[in-house]
Amino acid sequence: MDEKLKSAIEAKTDDLVALTQDLIRFPTVNPPGEAYTPCAEYIGRRLQKRGFAVEYVRGEGTPGDSDRYPRTNVVARIEGRRPGPTVHFNSHIDVVEAGDGWTVDPFAAVVKDGRVYGRGTCDMKGGLAASIIAVEAYLETNPDFAGAIEISGTVDEESGGFGGVAYLARKGYFSRPRVDHVIIPEPLNKDRICLGHRGVWWAEIETKGQIAHGSMPFLGDCAVRHMGAVLDAFEQDLFPALDRKRTAMPVVPEGARRSTMNLNSIHGGQTEDYRPGLPSPNVPDRCRLTIDRRFLLEEDIAEVKSEVTSILDRLKRERPKFDYTIRDVMEVQPTMTDRDAPVVRAVAEAIREIFDREPAYVISPGTYDQKHVARLGHIYDCIAYGPGILDLAHRPDEWVGIGDMVESAKVMAIGLGLLLDGKVD
Ligand SMILES: [Zn+2]
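Here my numbering is used: the first residue of the sequence shown is 876, the next is one more, and so on.
And the structure:
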């Protein structure tokens, strides 16, 4: 049976490439959320022709949603002839901006040397295309399949997924009994299973000062200098401490197998666009810093926050006139699916069959939509598995290998069959 399935996928190689190219040519850049509707409709039309019931669900009122930029998601479902579980393939259709440094047109979907080039090829339209081909080949070779199969194309993953998977999960699209197993074809490489991701805490810290004439700073209080003291304390105490924390989670790349924190942005004084070209004449009374703290399964979020606030509180005690506020911007708990979960075992078995070796189990350094599937949908049988090399995501000249897409489509189709047939429970 698998032989038939594998050759059906190979026979669809040209279709797979053409499908990937079509998807890339919708410039679904987020922000602002360009071309979501035509891209979703393209996927919907294709699956409708193959017997899927197709729904378009707009993430009404979610961040960025407007009549100009509607957050249009597509969810397609096909029922089998016998009762059984539901397997859901979820891909985000949004991509990040192209940026500079490309040697090809990022939205032309150039095919060269066995690769498709373009923004979103790797992250993650190549994975989306591979999952569609996997499902189509499975349906052709298994007309009597059990259970149900769903494919969704969702928006805004790159900006938190609020109008996409989070919205759908709140509406019941990612919960039992509707869905049992979820595979997210993010680019984690064709022979690796991604079990989850580290946690995230984004916060905005503001130091306070007092405005005064720049020629007499002693009459005011410089918020930027206070922030300088914060940064200095982070360098002395926080960064070395974070660096010492190691996790048992198999995070890739290796450098992310510890706690990390990025300083995302810093703004102090009047903004430069306030009066273009003219420097601010004042002592700044406010300085804002946004931090991006990635934490581990072994860490508690309360402890993660108090590491930062205890430094700020110490400065408040020790540094004259120091005052601050801190505001949570985003919080995501770390998540890791059990290795014995059915979806993990099914895909592992399929990887063994296609590559004749054990899969690697990894954890993503950053989050993706699995967080919403788990937290809002309460489905813990969820992994990321798909073609593409993670390091190429968001970079210029992003590409996905055609051979990799074909092989991972085979893995997805075989894994799908194992789950629907109840071969792993
Ligand atoms: Zn992605």
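We put the CB at the ideal spot given by N, CA and C, even for glycine.
Option nearest K1046 by Cα separation, candidates A1104, T903, N948: N948
message: Using a Cβ-Cβ cutoff of less than 6 Å, which residues in the same chain neighbour V1127 once the five nearest sequence positions on both sides are dropped?
response: V1237
- prompt: Which residue or residues does DSSP assign as beta-bridge partners of W1076?
  reply: R1168, E1206
- request: Report the rounded CA-to-CA distance for P1195 versus V1179, giving the unit in angstroms.
  value: 26 Å
- prompt: Within the structure, which residues are defined as neighbours of ligand 1 by a Cβ-heavy atom distance below 6 Å, reported in chain order?
  reply: H967, D998, M999, E1032, E1061, Y1243
task: Note down the Cα distance separating Y917 from R1073, rounded to an integer number of angstroms.
output: 33 Å
message: So the candidates are I1289, I1068, D1296, V1207; which of them puts its Cα closest to the Cα of I1264?
response: When C-alpha distances from I1264 are compared across I1289, I1068, D1296, V1207, the shortest belongs to I1068.
- prompt: Which partner residues of C977 appear in the DSSP bridge assignment?
  reply: Residue identity differs from the one stated: residue 977 is Trp in this sequence, not Cys. Bridge partners of W977: none, in fact.
message: Going by the DSSP bridge assignment, what does C997 pair with across the sheet?
response: According to DSSP, which records beta bridges pairwise, C997 is partnered with nothing at all.
query: From the DSSP output, which residues share a beta bridge with S1155?
result: None; S1155 has no bridge partner.
- prompt: DSSP state of V1281, grouped into three classes?
  reply: In this structure, DSSP gives V1281 a helical state, which the three-state scheme calls helix.
- request: Specify, as a first and last residue, the run of the beta strand (DSSP E) that A1021 falls within.
  value: Counting along the chain, the beta strand (DSSP E) containing A1021 begins and ends at 1021 to 1029.
message: Let me check one thing: in DSSP terms, what residues is V1237 bridge-paired to?
response: C1069
- prompt: With distances taken between CB atoms, is the gap from Y1260 to I1024 smaller than 8 Å?
  reply: no
Of the residues A1108, V1099, R1202, the one placed nearest W1077, counting alpha carbons only: The residue with the shortest Cα to Cα distance from W1077 is R1202.
message: When you compare the CB positions of M1102 and I1141, do they come within less than 8 Å of one another, or not?
response: Result yes, Cβ atoms of M1102 and I1141 sit closer than 8 Å.
message: Check whether the stretch 964 to 981 and the stretch 1001 to 1012 touch, using three or more Cβ-Cβ pairs below 8 Å as the test.
response: The stretch 964 to 981 vs the stretch 1001 to 1012: in contact.
Cβ-Cβ separation, A1288 to R1007 (assumed contact under 8 Å), whole Å: Reading the sequence as shown, one finds Ile at residue 1007 and not Arg. Contact flag wrong, Cβ pair sits at about 11 Å.
- prompt: What residue from K1120, S1181, T1135, A1087 has the CA that sits closest to V1158's CA?
  reply: A1087
query: Unbroken alpha helix (DSSP H) runs of length 4 or more, entirely within the stretch 884 to 954: which are they?
result: 888 to 899, 911 to 924
- request: Decide if the stretch 985 to 998 is in contact with the stretch 878 to 896; the criterion is three or more beta carbon pairs, one per stretch, under 8 Å apart.
  value: yes
query: Where do the ends of the alpha helix (DSSP H) carrying H1247 lie?
result: 1245 to 1250
query: Under the three-state reduction of DSSP, which class applies to I1058: helix, strand or coil?
result: strand
Beta-ladder partner(s) of F964, from DSSP: I1026, I1058
message: For a test of the three-state rule: what should DSSP assign to T1135, helix, strand or coil?
response: T1135 falls in the strand class under three-state DSSP.
query: Taking the continuous beta strand (DSSP E) assigned at R821, which residues delimit it?
result: As displayed, the chain neither begins before 876 nor continues past 1300, which places residue 821 out of reach and without an answer.
field: Per-residue burial, E994 [other beta carbons within 10 Å of its own, 16 or more giving buried]
entry: The question names Glu, but residue 994 is Arg in the sequence shown. By the neighbour-count rule (16 or more Cβ atoms within 10 Å), R994 is buried.
- prompt: With 16 as the cutoff for other CB atoms within 10 Å, does P1115 come out buried or exposed?
  reply: Counting Cβ neighbours within 10 Å, P1115 comes out exposed, since fewer than 16 surround it.
message: Please report the straight-line C-alpha distance between H1269 and R1192, rounded to a whole angstrom.
response: 43 Å
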